[in-house]
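Just below is one structure, and these are the notes that go with it.
Numbering (my numbering), first residue to last: 104 to 496.
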(Lines of atoms letter the chains of each structure in order from A and count residues from 1; the text may use other names and numbers.)
(Lines give C-alpha, C1' and ligand atoms only; values in the text may rest on other atoms or scores of the structure.)
Protein backbone atom coordinates (compact mmCIF):
# COMPACT_ATOMS: atom_id res chain seq x y z
CA UNK A 1 0.00 0.00 0.00
CA UNK A 2 2.91 2.30 0.77
CA UNK A 3 4.30 1.68 -2.69
CA UNK A 4 0.95 2.60 -4.21
CA UNK A 5 0.62 5.77 -2.14
CA UNK A 6 3.85 7.30 -3.46
CA UNK A 7 2.72 7.47 -7.11
CA UNK A 8 -0.52 9.13 -6.01
CA UNK A 9 1.38 11.85 -4.13
CA UNK A 10 3.71 12.23 -7.10
CA UNK A 11 0.82 12.57 -9.54
CA UNK A 12 -0.90 15.08 -7.26
CA UNK A 13 2.32 17.12 -6.92
CA UNK A 14 2.90 16.94 -10.69
CA UNK A 15 -0.63 18.25 -11.36
CA UNK A 16 -0.05 21.19 -8.98
CA UNK A 17 3.24 21.99 -10.75
CA UNK A 18 1.64 21.78 -14.21
CA UNK A 19 -1.24 24.01 -13.10
CA UNK A 20 1.18 26.58 -11.67
CA UNK A 21 3.17 26.70 -14.91
CA UNK A 22 0.01 27.01 -16.98
CA UNK A 23 -1.28 29.82 -14.79
CA UNK A 24 2.03 31.75 -14.80
CA UNK A 25 1.63 34.89 -16.89
CA UNK A 26 3.81 35.32 -19.94
CA UNK A 27 6.85 37.51 -19.47
CA UNK A 28 6.05 41.07 -20.52
CA UNK A 29 8.11 44.25 -20.91
CA UNK A 30 7.31 46.56 -18.05
CA UNK A 31 6.63 50.20 -18.78
CA UNK A 32 9.51 52.38 -17.69
CA UNK A 33 10.29 56.06 -17.95
CA UNK A 34 9.68 57.99 -21.13
CA UNK A 35 12.60 59.29 -23.17
CA UNK A 36 13.08 62.62 -21.41
CA UNK A 37 15.73 63.75 -23.88
CA UNK A 38 13.24 63.34 -26.71
CA UNK A 39 10.57 65.18 -24.69
CA UNK A 40 13.00 68.03 -23.97
CA UNK A 41 13.76 68.47 -27.68
CA UNK A 42 10.03 68.46 -28.49
CA UNK A 43 9.40 71.21 -25.91
CA UNK A 44 12.30 73.27 -27.26
CA UNK A 45 11.04 73.04 -30.83
CA UNK A 46 7.46 73.81 -29.78
CA UNK A 47 8.57 76.88 -27.78
CA UNK A 48 10.81 78.11 -30.60
CA UNK A 49 8.02 77.54 -33.10
CA UNK A 50 5.47 79.51 -31.08
CA UNK A 51 7.87 82.43 -30.64
CA UNK A 52 8.66 82.55 -34.36
CA UNK A 53 5.00 82.17 -35.27
CA UNK A 54 4.13 85.18 -33.11
CA UNK A 55 6.85 87.23 -34.76
CA UNK A 56 6.04 86.12 -38.32
CA UNK A 57 2.24 86.40 -38.03
CA UNK A 58 1.81 89.63 -36.03
CA UNK A 59 1.71 92.07 -39.01
CA UNK A 60 -0.74 89.95 -41.02
CA UNK A 61 -2.92 89.27 -37.98
CA UNK A 62 -3.09 92.97 -37.16
CA UNK A 63 -3.88 93.86 -40.77
CA UNK A 64 -6.58 91.22 -41.25
CA UNK A 65 -8.15 90.90 -37.79
CA UNK A 66 -6.95 94.00 -35.95
CA UNK A 67 -5.26 91.77 -33.37
CA UNK A 68 -1.54 91.06 -33.65
CA UNK A 69 -1.94 87.96 -31.46
CA UNK A 70 -4.78 86.35 -33.43
CA UNK A 71 -2.82 83.52 -35.10
CA UNK A 72 -0.57 83.07 -32.08
CA UNK A 73 -3.48 82.67 -29.64
CA UNK A 74 -5.17 80.07 -31.85
CA UNK A 75 -1.90 78.17 -32.30
CA UNK A 76 -1.15 78.38 -28.56
CA UNK A 77 -4.58 76.99 -27.70
CA UNK A 78 -4.09 74.05 -30.07
CA UNK A 79 -0.57 73.52 -28.71
CA UNK A 80 -1.82 73.40 -25.11
CA UNK A 81 -4.52 70.93 -26.14
CA UNK A 82 -1.87 68.98 -28.05
CA UNK A 83 0.42 68.83 -25.00
CA UNK A 84 -2.43 67.45 -22.91
CA UNK A 85 -3.14 64.94 -25.67
CA UNK A 86 0.56 64.05 -25.90
CA UNK A 87 0.67 63.25 -22.18
CA UNK A 88 -2.54 61.21 -22.39
CA UNK A 89 -1.37 59.28 -25.48
CA UNK A 90 2.02 58.59 -23.89
CA UNK A 91 0.17 56.65 -21.16
CA UNK A 92 -1.76 54.45 -23.60
CA UNK A 93 -0.01 51.23 -24.63
CA UNK A 94 0.86 51.41 -28.33
CA UNK A 95 -0.83 48.02 -28.95
CA UNK A 96 -4.15 49.84 -28.58
CA UNK A 97 -3.48 51.62 -31.88
CA UNK A 98 -2.68 48.31 -33.50
CA UNK A 99 -6.20 47.07 -32.80
CA UNK A 100 -7.76 50.37 -33.88
CA UNK A 101 -5.61 50.92 -36.99
CA UNK A 102 -8.05 49.44 -39.58
CA UNK A 103 -10.99 51.43 -38.17
CA UNK A 104 -8.93 54.63 -37.99
CA UNK A 105 -7.89 54.09 -41.60
CA UNK A 106 -11.51 53.80 -42.73
CA UNK A 107 -12.48 56.93 -40.78
CA UNK A 108 -9.63 58.95 -42.33
CA UNK A 109 -10.55 57.85 -45.85
CA UNK A 110 -14.17 58.84 -45.23
CA UNK A 111 -13.03 62.26 -43.96
CA UNK A 112 -10.93 62.75 -47.11
CA UNK A 113 -14.01 62.00 -49.19
CA UNK A 114 -16.17 64.40 -47.15
CA UNK A 115 -13.71 67.20 -47.86
CA UNK A 116 -14.64 66.98 -51.54
CA UNK A 117 -18.39 67.41 -50.91
CA UNK A 118 -19.63 71.00 -51.39
CA UNK A 119 -20.94 72.53 -48.19
CA UNK A 120 -18.95 70.18 -46.01
CA UNK A 121 -15.46 70.87 -47.28
CA UNK A 122 -13.88 74.32 -47.05
CA UNK A 123 -11.63 75.90 -49.69
CA UNK A 124 -8.74 78.32 -49.32
CA UNK A 125 -6.57 79.67 -52.13
CA UNK A 126 -8.10 77.22 -54.58
CA UNK A 127 -7.40 74.14 -52.44
CA UNK A 128 -10.11 72.05 -50.80
CA UNK A 129 -8.46 70.44 -47.80
CA UNK A 130 -10.54 71.33 -44.75
CA UNK A 131 -13.75 70.26 -43.02
CA UNK A 132 -16.04 72.89 -41.52
CA UNK A 133 -16.75 72.38 -37.82
CA UNK A 134 -18.31 74.76 -35.26
CA UNK A 135 -14.95 75.18 -33.47
CA UNK A 136 -12.13 74.72 -35.97
CA UNK A 137 -11.51 73.81 -39.58
CA UNK A 138 -10.09 70.29 -39.53
CA UNK A 139 -7.58 69.07 -42.10
CA UNK A 140 -8.12 65.29 -42.46
CA UNK A 141 -4.82 64.81 -44.31
CA UNK A 142 -3.00 65.57 -41.04
CA UNK A 143 -4.79 62.70 -39.31
CA UNK A 144 -3.89 60.38 -42.19
CA UNK A 145 -0.14 60.85 -41.65
CA UNK A 146 0.15 58.88 -38.37
CA UNK A 147 -2.71 56.55 -39.28
CA UNK A 148 -1.06 55.38 -42.52
CA UNK A 149 2.03 54.49 -40.46
CA UNK A 150 -0.03 52.57 -37.89
CA UNK A 151 -2.05 50.75 -40.55
CA UNK A 152 0.94 49.71 -42.65
CA UNK A 153 2.82 48.65 -39.50
CA UNK A 154 -0.10 46.39 -38.59
CA UNK A 155 -0.18 44.85 -42.07
CA UNK A 156 3.53 44.10 -41.87
CA UNK A 157 3.27 42.73 -38.33
CA UNK A 158 0.34 40.50 -39.28
CA UNK A 159 2.56 38.91 -41.94
CA UNK A 160 -0.22 38.34 -44.48
CA UNK A 161 1.79 39.83 -47.35
CA UNK A 162 5.44 39.09 -48.06
CA UNK A 163 7.01 42.44 -48.87
CA UNK A 164 10.09 40.74 -50.30
CA UNK A 165 7.92 39.57 -53.20
CA UNK A 166 6.46 41.93 -55.80
CA UNK A 167 2.93 40.65 -55.24
CA UNK A 168 3.15 41.24 -51.52
CA UNK A 169 3.57 44.98 -52.10
CA UNK A 170 0.40 45.34 -54.15
CA UNK A 171 -2.06 45.73 -51.22
CA UNK A 172 0.09 48.53 -49.79
CA UNK A 173 0.40 50.22 -53.17
CA UNK A 174 -3.36 49.94 -53.65
CA UNK A 175 -4.02 51.72 -50.35
CA UNK A 176 -1.52 54.45 -51.22
CA UNK A 177 -3.11 54.97 -54.64
CA UNK A 178 -6.53 55.49 -53.06
CA UNK A 179 -5.24 57.92 -50.42
CA UNK A 180 -2.92 59.82 -52.78
CA UNK A 181 -5.69 59.97 -55.39
CA UNK A 182 -8.07 61.61 -52.90
CA UNK A 183 -5.33 64.04 -51.85
CA UNK A 184 -4.67 65.04 -55.46
CA UNK A 185 -8.40 65.65 -55.96
CA UNK A 186 -8.08 68.17 -53.12
CA UNK A 187 -5.10 69.67 -55.01
CA UNK A 188 -2.99 68.79 -51.97
CA UNK A 189 0.18 67.67 -53.73
CA UNK A 190 2.52 68.27 -50.79
CA UNK A 191 0.33 66.22 -48.45
CA UNK A 192 0.20 63.41 -51.00
CA UNK A 193 4.00 63.40 -51.24
CA UNK A 194 4.43 63.28 -47.45
CA UNK A 195 1.87 60.50 -46.95
CA UNK A 196 3.36 58.45 -49.81
CA UNK A 197 6.79 58.95 -48.24
CA UNK A 198 5.54 57.73 -44.86
CA UNK A 199 3.94 54.65 -46.38
CA UNK A 200 6.98 53.76 -48.48
CA UNK A 201 9.30 54.26 -45.49
CA UNK A 202 7.31 51.76 -43.43
CA UNK A 203 7.28 49.34 -46.37
CA UNK A 204 11.06 49.53 -46.80
CA UNK A 205 11.62 49.08 -43.07
CA UNK A 206 9.17 46.15 -43.21
CA UNK A 207 11.07 44.31 -45.94
CA UNK A 208 10.41 45.90 -49.33
CA UNK A 209 13.73 45.91 -51.28
CA UNK A 210 15.08 49.42 -51.89
CA UNK A 211 16.21 48.77 -55.48
CA UNK A 212 12.69 48.28 -56.94
CA UNK A 213 11.53 51.40 -55.06
CA UNK A 214 14.30 53.47 -56.62
CA UNK A 215 13.59 52.05 -60.07
CA UNK A 216 9.89 52.80 -59.61
CA UNK A 217 10.69 56.37 -58.54
CA UNK A 218 12.85 56.87 -61.65
CA UNK A 219 9.98 55.63 -63.81
CA UNK A 220 7.28 57.64 -62.06
CA UNK A 221 9.21 60.95 -61.95
CA UNK A 222 9.18 61.72 -65.71
CA UNK A 223 5.58 60.51 -65.98
CA UNK A 224 4.57 62.85 -63.15
CA UNK A 225 6.38 65.78 -64.78
CA UNK A 226 4.67 65.06 -68.08
CA UNK A 227 1.27 64.92 -66.33
CA UNK A 228 1.94 68.22 -64.55
CA UNK A 229 2.98 69.82 -67.84
CA UNK A 230 -0.24 68.76 -69.56
CA UNK A 231 -2.76 69.02 -66.72
CA UNK A 232 -1.77 71.95 -64.50
CA UNK A 233 -0.31 75.19 -65.80
CA UNK A 234 0.01 76.54 -62.25
CA UNK A 235 2.10 73.63 -61.02
CA UNK A 236 4.23 73.62 -64.16
CA UNK A 237 4.86 77.31 -63.62
CA UNK A 238 6.14 76.41 -60.16
CA UNK A 239 8.60 73.97 -61.72
CA UNK A 240 9.88 76.52 -64.19
CA UNK A 241 10.07 79.23 -61.51
CA UNK A 242 12.17 76.88 -59.40
CA UNK A 243 14.69 76.67 -62.24
CA UNK A 244 15.01 80.48 -62.30
CA UNK A 245 13.25 82.06 -59.27
CA UNK A 246 13.98 85.64 -60.43
CA UNK A 247 12.77 85.29 -64.02
CA UNK A 248 9.09 86.01 -63.31
CA UNK A 249 9.37 87.77 -59.97
CA UNK A 250 6.04 89.61 -60.34
CA UNK A 251 4.01 86.43 -60.81
CA UNK A 252 4.82 82.75 -60.24
CA UNK A 253 8.27 83.37 -58.75
CA UNK A 254 7.13 86.13 -56.40
CA UNK A 255 6.83 84.10 -53.18
CA UNK A 256 10.05 82.14 -53.75
CA UNK A 257 11.99 85.31 -54.61
CA UNK A 258 10.70 87.17 -51.54
CA UNK A 259 11.67 84.20 -49.40
CA UNK A 260 15.18 84.27 -50.80
CA UNK A 261 15.39 88.01 -50.13
CA UNK A 262 14.45 87.31 -46.51
CA UNK A 263 17.06 84.58 -46.17
CA UNK A 264 19.75 86.76 -47.73
CA UNK A 265 18.86 89.75 -45.56
CA UNK A 266 19.49 87.81 -42.36
CA UNK A 267 23.20 87.37 -42.88
CA UNK A 268 25.14 85.57 -40.16
CA UNK A 269 23.34 86.77 -37.01
CA UNK A 270 20.02 88.08 -38.40
CA UNK A 271 18.20 91.37 -38.09
CA UNK A 272 16.95 90.50 -34.62
CA UNK A 273 13.84 88.76 -33.29
CA UNK A 274 10.76 90.62 -34.51
CA UNK A 275 12.74 92.80 -36.92
CA UNK A 276 11.84 91.08 -40.20
CA UNK A 277 10.99 93.37 -43.11
CA UNK A 278 9.69 90.73 -45.51
CA UNK A 279 6.79 89.75 -43.25
CA UNK A 280 5.24 93.19 -43.80
CA UNK A 281 3.16 92.45 -46.93
CA UNK A 282 6.14 91.37 -49.03
CA UNK A 283 6.20 87.65 -48.33
CA UNK A 284 2.69 86.09 -48.63
CA UNK A 285 1.65 84.16 -45.49
CA UNK A 286 5.09 84.31 -43.81
CA UNK A 287 3.66 82.41 -40.84
CA UNK A 288 2.97 79.32 -42.90
CA UNK A 289 4.99 77.59 -45.61
CA UNK A 290 7.80 80.19 -45.68
CA UNK A 291 8.26 80.73 -41.95
CA UNK A 292 11.79 79.31 -42.23
CA UNK A 293 12.69 82.31 -44.39
CA UNK A 294 11.61 84.58 -41.50
CA UNK A 295 13.72 82.47 -39.12
CA UNK A 296 16.72 83.11 -41.36
CA UNK A 297 15.96 86.83 -41.69
CA UNK A 298 15.51 87.46 -37.97
CA UNK A 299 17.96 84.96 -36.48
CA UNK A 300 20.44 84.67 -39.33
CA UNK A 301 22.54 81.70 -40.34
CA UNK A 302 23.34 80.93 -36.71
CA UNK A 303 19.67 80.81 -35.67
CA UNK A 304 18.68 78.78 -38.73
CA UNK A 305 21.50 76.32 -38.00
CA UNK A 306 20.29 75.91 -34.41
CA UNK A 307 16.76 75.17 -35.64
CA UNK A 308 18.06 72.62 -38.15
CA UNK A 309 20.21 70.99 -35.46
CA UNK A 310 17.18 70.72 -33.17
CA UNK A 311 15.25 68.95 -35.91
CA UNK A 312 18.23 66.68 -36.56
CA UNK A 313 18.44 65.84 -32.85
CA UNK A 314 14.72 65.08 -32.73
CA UNK A 315 14.91 62.82 -35.78
CA UNK A 316 17.99 60.97 -34.50
CA UNK A 317 16.37 60.45 -31.11
CA UNK A 318 13.21 59.17 -32.81
CA UNK A 319 15.33 56.76 -34.87
CA UNK A 320 16.85 55.53 -31.61
CA UNK A 321 13.35 54.90 -30.24
CA UNK A 322 12.50 52.94 -33.41
CA UNK A 323 15.67 50.84 -33.15
CA UNK A 324 15.14 50.05 -29.46
CA UNK A 325 11.39 49.40 -29.84
CA UNK A 326 10.30 46.11 -28.22
CA UNK A 327 8.57 44.59 -31.26
CA UNK A 328 8.04 44.89 -35.00
CA UNK A 329 4.81 46.84 -34.82
CA UNK A 330 6.06 49.56 -32.47
CA UNK A 331 9.32 49.84 -34.40
CA UNK A 332 7.52 50.38 -37.71
CA UNK A 333 5.12 52.91 -36.21
CA UNK A 334 8.12 54.84 -34.90
CA UNK A 335 9.72 54.64 -38.35
CA UNK A 336 6.59 56.07 -39.97
CA UNK A 337 6.27 58.96 -37.53
CA UNK A 338 9.98 59.71 -37.83
CA UNK A 339 9.64 59.69 -41.62
CA UNK A 340 6.80 62.20 -41.34
CA UNK A 341 8.91 64.67 -39.36
CA UNK A 342 12.00 64.17 -41.53
CA UNK A 343 10.26 64.37 -44.92
CA UNK A 344 8.18 67.40 -44.05
CA UNK A 345 11.09 69.28 -42.50
CA UNK A 346 13.40 68.61 -45.43
CA UNK A 347 10.75 69.55 -48.00
CA UNK A 348 9.86 72.81 -46.24
CA UNK A 349 13.45 73.98 -45.88
CA UNK A 350 14.22 72.91 -49.45
CA UNK A 351 11.25 74.93 -50.75
CA UNK A 352 12.17 78.00 -48.69
CA UNK A 353 15.72 77.91 -50.05
CA UNK A 354 14.49 77.22 -53.62
CA UNK A 355 16.25 73.85 -53.70
CA UNK A 356 13.07 72.20 -55.02
CA UNK A 357 9.83 73.51 -56.61
CA UNK A 358 7.31 75.16 -54.29
CA UNK A 359 5.05 72.40 -52.96
CA UNK A 360 3.36 74.32 -50.14
CA UNK A 361 4.45 72.08 -47.26
CA UNK A 362 4.47 73.37 -43.68
CA UNK A 363 7.36 73.27 -41.20
CA UNK A 364 6.59 71.05 -38.18
CA UNK A 365 6.20 72.93 -34.86
CA UNK A 366 6.64 76.32 -36.60
CA UNK A 367 4.03 76.81 -39.33
CA UNK A 368 0.52 77.94 -38.44
CA UNK A 369 -2.09 75.19 -38.40
CA UNK A 370 -4.25 73.98 -35.54
CA UNK A 371 -4.87 70.46 -36.83
CA UNK A 372 -1.22 70.08 -37.78
CA UNK A 373 0.25 71.03 -34.38
CA UNK A 374 -2.38 69.00 -32.51
CA UNK A 375 -1.76 65.88 -34.59
CA UNK A 376 2.00 66.32 -34.45
CA UNK A 377 2.02 66.45 -30.64
CA UNK A 378 -0.20 63.37 -30.50
CA UNK A 379 2.39 61.61 -32.68
CA UNK A 380 5.09 62.69 -30.24
CA UNK A 381 2.97 61.09 -27.51
CA UNK A 382 2.97 57.80 -29.42
CA UNK A 383 6.77 57.89 -29.70
CA UNK A 384 7.06 58.68 -25.99
CA UNK A 385 4.85 55.70 -25.19
CA UNK A 386 6.96 53.40 -27.34
CA UNK A 387 10.06 54.73 -25.57
CA UNK A 388 8.58 53.57 -22.23
CA UNK A 389 8.71 49.98 -23.46
CA UNK A 390 11.95 50.27 -25.39
CA UNK A 391 14.92 48.02 -24.78
CA UNK A 392 17.25 50.31 -22.85
CA UNK A 393 20.90 50.63 -23.83
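Virtual Cβ for every residue (Gly too), placed ideally from N, Cα, C.
Note that the structure is predicted; figures quoted are calculated from it, not measured.
Query	Result
Pairwise C-alpha distance: residue 428 and residue 494	6 angstroms
Simplified DSSP state of residue 177, which is helix, strand or coil	helix
Cβ pair count under 8 angstroms reaching 3, the region 280 to 287 against the region 452 to 459	no
Span separating the alpha-carbon of residue 152 from that of residue 225	26 angstroms
Member of 235, 383 and 387 whose CA lies at the smallest distance from the CA of residue 221	235
Extent of the continuous alpha helix (DSSP H) run through residue 210	198 to 218
Per-residue burial, residue 349 [other beta carbons within 10 Å of its own, 16 or more giving buried]	exposed
Exposure label - residue 482; buried when at least 16 CB within 10 Å	buried
From 372, 293, 178 and 243, residue whose alpha carbon lies closest to that of residue 223	243
Residue 383: first and last residue of the uninterrupted alpha helix (DSSP H) it sits in	Element bounds for residue 383: n/a, residue is neither H nor E.
Cut-off 7 angstroms between Cβ atoms - residues of its own chain near residue 308, not counting five sequence neighbours on either side	435 and 438
Integer-rounded CB distance, given that residue 358 should sit under 8 angstroms from residue 461	7 angstroms
Test item: CB-CB of residue 471 and residue 390 under 7 angstroms	yes
Rounded separation between residue 449 and residue 300 - CA only	12 angstroms
Beta-carbon proximity list for residue 379, same chain, < 6 angstroms, skipping 5 on both sides	397, 400 and 401
Strand pairing of residue 224, partner residues [DSSP]	221 and 234
Sub-7 angstroms separation of residue 241 and residue 478 beta-carbons	no
Simplified DSSP state of residue 241, which is helix, strand or coil	strand
Beta-carbon proximity of residue 295 to residue 254, cut-off 7 angstroms	no
Distance between residue 184 and residue 138 (C-alpha atoms, nearest Å)	21 angstroms
Buried or exposed by the 16-neighbour rule on C-beta atoms within 10 Å, applied to residue 467	buried
C-alpha gap between residue 232 and residue 187, whole angstroms	26 angstroms
Cβ pair residue 406, residue 367 closer than 7 angstroms	no
Local conformation of residue 459 per DSSP, three classes	coil
DSSP state of residue 314 mapped onto helix, strand, coil	helix
Own chain, CB closer than 7 angstroms to residue 302, minus 5 neighbours either side, in chain order	251, 255, 275 and 279
Residue 274 - containing alpha helix (DSSP H), residue span	273 to 288
Range covered by the alpha helix (DSSP H) that runs through residue 395	394 to 426
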